[in-house]
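To start, the structure under review is shown below, and the notes come after it.
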Amino acid sequence: MNLHEYLLKFPELQLLYNRVKEKYEHEKPIHHNWTHVLRDLGKAILLGEREQVKMKIVIAGILLHDIGRLHPNPEGREHYEIGAHVAPGYLKGSEFTEEETDAVIHCVLSNGPRGRITPETREAQICYDVDFSCSAGYVGVGRAFHHFMGEENMNVKQIAGVSKERIIPKKQLLTDAGREFYEGNLRKAKEFWEEYDKEVIKEEELIRKLIPDYESD
């Protein structure tokens, strides 16, 4: 089934989809934007159907996995903690049951390798693998540059100085489908970042032999 068919099958999902889309279009984030959510929804349907999980929960979890980034965070908490706090309002307002709400919140809290808790349900594991896959392959590399340059105003040298575990944590994909589709591309991205860091350092050292006060940008 495609996304439109799932929204027709579950009216609650359509309500949630509309509310979340409206929030994203109002806030207009640079990197973790509505296009990012749609891309992750496509991946979630691909992996979720392969693993035969509860797609209503998976789709809701993906819709809300970054919602915390769009809400005030004066205490500097992680976005998934904010997301878990605001998610019930979106879900109950979209007529999700209490049991469904709890299942989706678990997906939000355990989302991706940086999540607060271990994903215990198969639905949460799909959401985890989808988020992890964002770093995979050369496309993942390109999106990392987009994030660091667009949202954190970093230059080429500063990105080389970022711990690559921040980009690709030393964790494993959790589902067979996730490993099938993304394990090779995660390996490819790791190899790129190793070479990237070496080249940035090597170039700066080379130029400094001729221009001692040179600083790479």
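Numbering-wise (the numbering used here), the sequence shown opens with residue 58 and increments by one. Cβ atoms here follow ideal geometry from the backbone N, Cα and C, with glycine treated the same way.
Item: Curious, which full-length alpha helix (DSSP H) runs of at least 4 residues does the region 229–265 contain?; Value: 233–265
Item: Under 8 Å, with one C-beta from each stretch per pair, do the region 187–198 and the region 237–248 reach the 3-pair mark?; Value: yes
Item: Is it the case that the Cβ atoms of ALA101 and ILE114 are separated by a distance below 8 Å?; Value: no
Item: What does the alpha-carbon distance come out to for the pair GLY105 and GLN229?; Value: 18 Å
Item: Express the C-alpha separation of ASP270 and ILE139 in angstroms, rounding to a whole number.; Value: 44 Å
Item: Nearest CA to the CA of HIS93: which residue from HIS203, PRO226 and GLU209?; Value: HIS203
Item: Contact defined as beta carbons within less than 8 Å: I believe TYR63 pairs with ILE124. What is the distance between those atoms, to the nearest angstrom?; Value: Not confirmed; about 19 Å, so no contact.
Item: What ranges does the beta strand (DSSP E) occupy inside the region 99–143, keeping only unbroken runs of at least 3 residues that lie completely in it?; Value: none
Item: What residues in its chain sit with their C-beta under 7 Å from that of VAL257, if we drop five residues either side in the sequence?; Value: VAL213, LYS214, ALA217 and SER273
Item: Might you give, ordered along the chain, the residues of its own chain that have their beta carbon closer than 8 Å to the beta carbon of LEU103, omitting 5 neighbours on each side?; Value: ALA234 and PHE238
Item: So, with DSSP's three-state summary, where would you put ILE183?; Value: helix
Item: How would you write the range of the alpha helix (DSSP H) that TYR74 sits in, first residue to last?; Value: 68–84
Item: What residue range does the alpha helix (DSSP H) around THR158 cover?; Value: 155–166
Item: Looking at TYR81: is its Cβ nearer than 8 Å to the Cβ of LEU121?; Value: no
Item: I need the DSSP call for HIS89, collapsed to helix, strand or coil.; Value: coil
Item: Can the beta-carbon of THR158 be found less than 8 Å from the beta-carbon of PRO145?; Value: yes
Item: Who are the Cβ neighbours of LYS111 in its own chain at under 6 Å, not counting the five residues just before and after it?; Value: GLU180
Item: Skipping 5 residues on each side, what residues in its chain have a beta carbon closer than 7 Å to that of VAL187?; Value: ASP97, LYS100, ALA101, LEU104 and ILE119
Item: To the nearest angstrom, how far is the alpha carbon of TRP250 from that of THR232?; Value: 25 Å
Item: Buried or exposed: where does ASN59 fall if 16 or more other Cβ atoms within 10 Å of its Cβ makes it buried?; Value: exposed
Item: So what does DSSP say about ALA193, is it helix, strand or coil?; Value: coil
Item: Should HIS88 and GLU208 be called a contact, given that it needs their Cβ atoms to be closer than 8 Å?; Value: yes
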